[in-house]
Amino acid sequence: DGGITQSPKYLFRKEGQNVTLSCEQNLNHDAMYWYRQDPGQGLRLIYYSQIVNDFQKGDIAEGYSVSREKKESFPLTVTSAQKNPTAFYLCASTRDRGPYGYTFGSGTRLTVV
Amino acid sequence: AQSVTQLDSQVPVFEEAPVELRCNYSSSVSVYLFWYVQYPNQGLQLLLKYLSGSTLVKGINGFEAEFNKSQTSFHLRKPSVHISDTAEYFCAVSTTSNTGKLIFGQGTTLQVKP
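Those protein sequence lines, which keep their order, are chains A and B.
Heads up: the first sequence begins at 1 in this note's numbering, then just goes up one per residue.
Heads up: the second sequence begins at 114 in this note's numbering, then just goes up one per residue.
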């Protein structure tokens with residue numbers, strides 16, 4: 001079955017370290033998104049990419065970086081510049097720019113220790 | 114710019130009772146509207162969506178929502194809830210400008226009690 005795979009499910013990071021969250025999809029979707037979820041704040045857009053080798057900042061891009069070298073993959077790096085990285089991170093994809101809604105991965109919970 | 118407001122952060126309800134989760138949006142252009150459900154430590158699953166046509170939209174698990182353009186609302190309803198409906202629900206909007214981006218509300222936690 002097609003879907004989005006996020007790994008790892010749980011991730012622990014020491015302060016000052018960069019970590020990379022994986023997101024892979026086999027849906028042949030063009031667009032991919034990264035959201036951060038904090039309690040009571042809904043989902044906030046970090047970065048998105050609508051085509052390979054191109055991506056745009058979302059509302060809270062500071063302290064994060066992404067790449068889109070393949071259509072299937074959209075990894076997110078949480079850098080040491082992100083001051084409060086503990087959160088639940090969700091990756092999503094959609095077929096193209098149309099109104100199809102998103103398919104979501106199961107998320108990665110990142111905790112700074 | 115678009116925005117979404119979910120008017121209740123938590124909604125407690127007894128099993129088999131009806132429920133309504135409220136969502137209002139703000140947009141200067143035409144919109145598409147979505148409701149998603151999230152179970153603990155999982156991703157979001159699409160419940161239903163309004164793109165055009167009939168303002169009453171039926172989704173999965175017995176949920177439905179009504180688009181009201183004059184009141185800029187898209188409230189989610191279920192006539193009889195089950196314990197298994199306990200989850201967080203998100204309303205989302207995208208515009209017809211074809212960017213594909215979704216703007217989410219803050220979420221409503223539905224707590225179904227026995």
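C-beta atoms are modelled at their ideal positions from N, C-alpha and C, and glycine is treated no differently.
message: Quick check on the DSSP output: the beta strand (DSSP E) that includes B/Leu-223 runs from which residue to which?
response: 221-226 is the extent of the beta strand (DSSP E) around B/Leu-223.
field: Simplified DSSP assignment, three categories, for A/Ile-60
entry: Note: A/Ile-60 maps to coil in three-state DSSP.
- request: For B/Phe-217, go through chain A and note every residue whose CB falls closer than 7 Å to its CB, in chain order.
  value: Under the 7 Å cutoff, chain A gives Gly-42, Leu-43.
message: Please report whether the beta-carbon of A/Tyr-48 lies at a distance below 8 Å from any beta-carbon of chain B.
response: Answer yes: the Cβ-Cβ gap between A/Tyr-48 and chain B drops below 8 Å somewhere.
- prompt: Nearest CA to the CA of A/Ala-163: which residue from A/Arg-95, A/Val-113, A/Arg-109?
  reply: As displayed, chain A neither begins before 1 nor continues past 113, which places residue 163 of chain A out of reach and without an answer.
- prompt: Which whole-angstrom value is the C-beta distance of A/Gly-40 and B/Gln-219, which I expect to be below 8 Å?
  reply: A Cβ-Cβ separation of about 6 Å places A/Gly-40 in contact with B/Gln-219 under the 8 Å criterion.
field: Contact list for A/Leu-90 against chain B, beta-carbon separation under 8 Å
entry: The answer, in chain order, is Gly-156, Leu-157.
- request: Measure the C-alpha to C-alpha separation of B/Thr-168 and A/Lys-71 and round it to an integer number of angstroms.
  value: C-alpha of B/Thr-168 to C-alpha of A/Lys-71: approximately 35 Å in a straight line.
- prompt: Using a beta-carbon distance below 8 Å, is B/Tyr-138 in contact with chain A?
  reply: It does not: the Cβ of B/Tyr-138 has no partner Cβ on chain A nearer than 8 Å.
field: Listed by chain order, chain A residues near B/Leu-223 by CB distance under 8 Å
entry: The contacting residues do not exist; B/Leu-223 stays about 15 Å from chain A at best.
Start and end residues, beta strand (DSSP E) containing A/Asn-18: Note, A/Asn-18: premise wrong, no beta strand (DSSP E); not H, not E.
query: In terms of residues, what are the limits of the beta strand (DSSP E) holding B/Val-132?
result: Taken as a continuous stretch (DSSP letters only), the beta strand (DSSP E) holding B/Val-132 covers 132-134.
Any non-hydrogen atom of the ligand GDP closer than 7 Å to B/Gln-184 Cβ: The ligand content of the structure shown is nil, which means the ligand GDP is not present either.
Selected residue, minimal CA-CA separation from A/Val-112, among A/Val-19, A/Ile-4, A/Thr-5, A/Trp-34: Per the Cα distances, A/Val-19.
- request: For B/Asn-137, write down the residues that DSSP places opposite it in a beta bridge.
  value: Its beta-bridge partners are B/Thr-118, B/Ser-186.
task: Give the secondary structure of A/Ser-80 by DSSP, where H, G and I count as helix, E and B as strand, and everything else as coil.
output: Coil at A/Ser-80, not helix or strand.
- prompt: For chain B, is any of its Cβ atoms less than 8 Å away from the one on A/Gly-107?
  reply: Yes, its Cβ sits closer than 8 Å to a Cβ of chain B.
- request: Can you tell me which of A/Lys-83, A/Tyr-102, A/Ala-81, A/Tyr-48 puts its alpha carbon nearest to the alpha carbon of A/Ser-67?
  value: Among A/Lys-83, A/Tyr-102, A/Ala-81, A/Tyr-48, the Cα nearest to that of A/Ser-67 is on A/Tyr-48.
- prompt: In terms of alpha-carbon separation, which member of A/Gly-101, A/Ala-87, A/Thr-77 lies closest to A/Thr-93?
  reply: The sequence as given places Ser at residue 93 of chain A; Thr does not occur at that position. Across the set A/Gly-101, A/Ala-87, A/Thr-77, the C-alpha of A/Gly-101 shows the shortest separation from the C-alpha of A/Ser-93.
query: Do you know how far the Cα of A/Glu-69 is from the Cα of B/Asn-174?
result: CA-to-CA, the gap between B/Asn-174 and A/Glu-69 works out to about 38 Å.
Residue nearest to A/Phe-55 in terms of C-alpha spacing, selected from A/Asp-38, A/Trp-34, A/Arg-44, A/Gly-63: Closest option to A/Phe-55, Cα to Cα, is A/Trp-34.
- prompt: By the 10 Å Cβ neighbour count, where 16 or more other Cβ atoms means buried, how is B/Phe-127 classified, buried or exposed?
  reply: Label assigned to B/Phe-127: exposed.
message: 8 Å is my cut-off, CB to CB: does A/Asp-54 come that close to chain B?
response: No, no contact with chain B.
- prompt: Can you check whether the CB of B/Tyr-138 is closer than 8 Å to the CB of B/Lys-162?
  reply: No; because the gap between Cβ atoms is not below 8 Å, this pair is not in contact.
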